[in-house]
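> One structure, pasted below without further comment.
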Ligand code: MG
């Protein structure tokens, strides 16, 4: 049953372009379906999470990451009586604006765009659903509901918030998004903390021995090895991770329900007006979870091998940006057309934005192919 503080389609602030109501789906289900049918969603399959897409078939990609986020978020939404369809839509869309090569790609593109307003992947996800998906006859983008767009825009710098209208207003007012958006943000973190451990172990860049120095991981490791002393390898890892996810999810549900009860909120607007987010971990788990994040940062994301991969990825993104800025005739005709339109309004910044949109939309392998084609390497991806 829907909780009183859940978002509901009936109370939605609606779409940017008004449309007839769907016949047999809710407005949020329609959003989810539009996201799944988008081109940007299909491209997530070939975009890096941590490990470059073609490094191994078992590593997470942005697509499988997004599906894991949706699974975790929906489970929590159902237990708490939040809107499961809205939660799913936000989860599936949250990384649509990610560049190729994960954070390395985004950092490189942001550096290239410094004089032209920068590049933020959250903002780009919103730009994808608002503008860049050009498939519907009646409107630009996917014309999603306000609540879905609000959830996609997790973070946003103030200068950008000022020009985004209603969806940017909360960053200026310092108010909160819906519980469904807050939940998806945390589910994102639960998903990547756990699957990055799995991928990190599989790659051999981190070890179980190292992880056992992290209190949160060690406590679950002790529980599993105490019960199954013979368990080794992938089964041991999986058994630990499923419990770790469960532990985080359970804590999130209980702590959030307690916070909602204490705050006495009875509708979605009270959730937004509340001084702080109400979806949260207990203070104890927060400390332990942060210890795990610090470990992953120091030992996985900054591992020399990942750094080397990131360095090469940045070189590809930077190289493409510079070449296209220098001679836009190297771009596909569609983007040359976009540049002509953008330049009319924003001059050089408009040109840079159109190029950033093109590069951000690339999959890892497409970016490598373009780079190889322009710089003359015969083996795309060699050395990654
Ligand atoms: Mg994510």
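Residue numbers (this note's numbering): 49 to 432.
Don't be surprised by glycine CBs; every beta carbon is placed ideally from N, CA and C.
From the DSSP output, read off the bridge partner residues of residue 193.
Per DSSP, 63.
> Considering only heavy atoms of ligand 1 and the C-beta of each residue, which residues fall inside 5 Å, strictly closer?
In chain order, the hits are 143 and 236.
> What number of angstroms, rounded off, separates the C-alpha of residue 243 from the C-alpha of residue 155?
Their backbone Cα atoms lie some 22 Å apart in a straight line.
> Can you tell me the Cβ-Cβ gap for residue 231 and residue 327, rounded? I've got them flagged as a contact below 8 Å.
With 8 Å as the limit, residue 231 and residue 327 qualify as a contact, their Cβ atoms being about 5 Å apart.
> Leaving out the 5 sequence neighbours to the left and right, which residues in its chain are closer than 6 Å to residue 56 when beta-carbon positions are compared?
So no residue of the chain qualifies.
> Comparing C-alpha positions only, which one of 128, 411 and 61 sits nearest to residue 109?
Comparing Cα positions, the closest option is 411.
> Can you find the residues in the same chain that come closer than 7 Å, C-beta to C-beta, to residue 311, ignoring five residues on each side of it along the sequence?
Same-chain partners within the cutoff: 322 and 326.
> Would you report the Cα separation of residue 212 and residue 276, rounded to the nearest angstrom?
Each residue's alpha carbon lies about 53 Å from the other.
> Taking the alpha-carbon of residue 152 as reference, which of 358, 302 and 413 has the nearest alpha-carbon?
If we check each option's Cα against that of residue 152, 358 comes out closest.
> Which residues share a DSSP beta bridge with residue 109?
Residue 109 pairs with 96.
> Please say whether residue 419 and residue 33 have beta carbons closer to each other than 7 Å?
Any question about residue 33 goes unanswered here, given that the chain covers just 49 to 432.
> Check whether the Cβ atoms of residue 158 and residue 167 sit closer than 7 Å, and answer yes or no.
A contact, by the Cβ cut-off of 7 Å.
> What did DSSP end up calling residue 53 once you bin it into helix, strand or coil?
Coil at residue 53, not helix or strand.
> If we call anything under 7 Å between Cβ atoms a contact, is residue 88 one with residue 117?
No, Cβ-Cβ distance for residue 88 and residue 117 is not below 7 Å.
> Over the uninterrupted alpha helix (DSSP H) stretch that includes residue 274, give me the two end residues.
It spans 263 to 275 - the alpha helix (DSSP H) in which residue 274 sits, taken as one unbroken run.
> Which of the three DSSP states, helix, strand or coil, is assigned to residue 326?
Residue 326: coil per DSSP, three-state reduction.
> Go ahead and label residue 145 buried or exposed: buried means 16 or more other beta carbons lie within 10 angstroms of its beta carbon, across all protein chains shown.
Result: buried.
> Whole angstroms are fine: how far does the CA of residue 70 sit from the CA of residue 37?
Residue coverage of the chain in this structure runs from 49 to 432, which leaves residue 37 outside it and unanswerable.
> For residue 199, which option in 329, 142, 382 and 272 has the closest C-alpha, if you only look at C-alpha atoms?
Minimum Cα distance to residue 199 is reached at 142.
> Any idea if residue 241 is buried or exposed, counting beta-carbon neighbours within 10 angstroms, 16 or more meaning buried?
The residue is buried, with at least 16 neighbouring Cβ atoms inside 10 Å.
> Between 346, 303, 93 and 254, which lies nearest to residue 285 when the distance is taken from Cα to Cα?
Residue 285 has its Cα closest to that of 254, out of 346, 303, 93 and 254.
> Is DSSP giving residue 345 helix, strand or coil here?
Residue 345: helix per DSSP, three-state reduction.
> For residue 303, which of 163, 234 and 172 has the nearest alpha-carbon?
Nearest of 163, 234 and 172 to residue 303, Cα basis: 234.
> Would you call the CB atoms of residue 319 and residue 174 closer than 7 Å?
No, they are not a contact pair.
> Just confirm the distance between the C-beta atoms of residue 287 and residue 295, as a whole number of angstroms; I'd bet it's less than 8 Å.
With 8 Å as the limit, residue 287 and residue 295 do not qualify as a contact, their Cβ atoms being about 13 Å apart.
> Could you check the C-alpha separation between residue 400 and residue 345 for me, to the nearest Å?
Straight-line Cα distance between these residues: approximately 31 Å.
> Taking C-alpha atoms, which residue in 209, 337, 270 and 348 lies nearest to residue 247?
If we check each option's Cα against that of residue 247, 348 comes out closest.
> Over what stretch of residues does the alpha helix (DSSP H) that includes residue 410 continue unbroken?
No alpha helix (DSSP H) contains residue 410, which DSSP labels as neither H nor E.
> Apart from the five residues just before and just after residue 176, which ones in its own chain have a Cβ nearer than 7 Å to its Cβ?
Hits under 7 Å: 88, 144 and 145.
> Terminal residues of the continuous alpha helix (DSSP H) containing residue 186?
Premise fails: residue 186 is in no alpha helix (DSSP H) and is neither H nor E.
> Taking residue 151 as part of the alpha helix (DSSP H), name the residues at either end of that continuous run.
Run containing residue 151: 150 to 160, per the alpha helix (DSSP H) assignment.
> With a threshold of 6 Å on Cβ separation, who are the neighbours of residue 50 within its own chain once the five nearest residues in sequence on each side are excluded?
Around residue 50: 129.
> What separation, rounded to the nearest whole angstrom, lies between the Cα atoms of residue 421 and residue 378?
For residue 421 and residue 378, the distance between alpha carbons rounds to 11 Å.
> What distance in whole Å lies between the Cβ atoms of residue 53 and residue 308, which are believed to be in contact at a cut-off of 8 Å?
The pair is a contact, with the Cβ atoms about 6 Å apart (cut-off 8 Å).
> From residue 362 to residue 380, what does the alpha carbon distance come to, in whole angstroms?
If you take the alpha carbons of residue 362 and residue 380, they lie about 22 Å apart.
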